[in-house]
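Following our numbering, the numbering of the sequence shown begins with 355 at its first residue and continues without gaps. Below is one structure, written out as structure tokens; the observations come after it.
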Amino acid sequence: MCGPFKNLQSILRLLEIIFSALALIIAIFRGRMVSPWGIWCDFVWVFCFTVPLVLTVVEAMMWHVLLAAFLPNWEDLTCGLTCLCAVMIISATVIFAAIFVCLSCIASILCVIASLVATIVFLIDALLITL
């Protein structure tokens, strides 16, 4: 293991970043989504890409020690944000699968698979944090 990815939680965050970005990239390359449902899915994938990335950078640079003056508990913040991302990406996965997927749309199917894997990783991370 190298860099900040030395424990299971950091590896899960890396997987969250990868699969959220993959779902977003596939959705962007499949075409423009102008419906509110598609915009919501894009927003969720960007949010679920950004949150673990920011948390990883803050913990790798030890900035959460500096933020202790403003935050009562860093673990509660990370737990809350991870649970929020888990719920949001569940909604995006279900909405995208229900509205945009057809049997001949390979890109949409791949996007749902990437989003589903990201959902599972977020749920595992949220479960491990809360335990």
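Don't be surprised by glycine CBs; every beta carbon is placed ideally from N, CA and C.
In the DSSP assignment, find the unbroken alpha helix (DSSP H) run with residue i in it and report its ends.
i      : result
Leu464 : 460–484
Arg367 : 362–384
Under a three-way DSSP split, which group does residue i fall into?
i      : result
Met415 : coil
Val388 : coil
For residue i and residue j, which I take to be in contact (beta-carbon distance under 8 Å), what is that distance rounded to the nearest angstrom?
i      : j      : result
Ala377 : Ala472 : 6 Å
Ile299 : Trp391 : With the chain covering only 355 through 485, there is no way to say anything about residue 299.
Cys456 : Arg384 : So it is not a contact: roughly 11 Å between Cβ atoms.
Ser374 : Trp399 : 5 Å
Leu425 : Leu409 : That belief does not hold up - the Cβ atoms of Leu425 and Leu409 are roughly 12 Å apart, past 8 Å.
Ile443 : Phe476 : 6 Å
- Return the chain-ordered ranges of every alpha helix (DSSP H) run that is complete within the segment 417–460 and spans a minimum of 4 residues. Note on the segment 417–460: whole alpha helix (DSSP H) runs with a minimum of 4 residues are 417–420, 428–453, in chain order.
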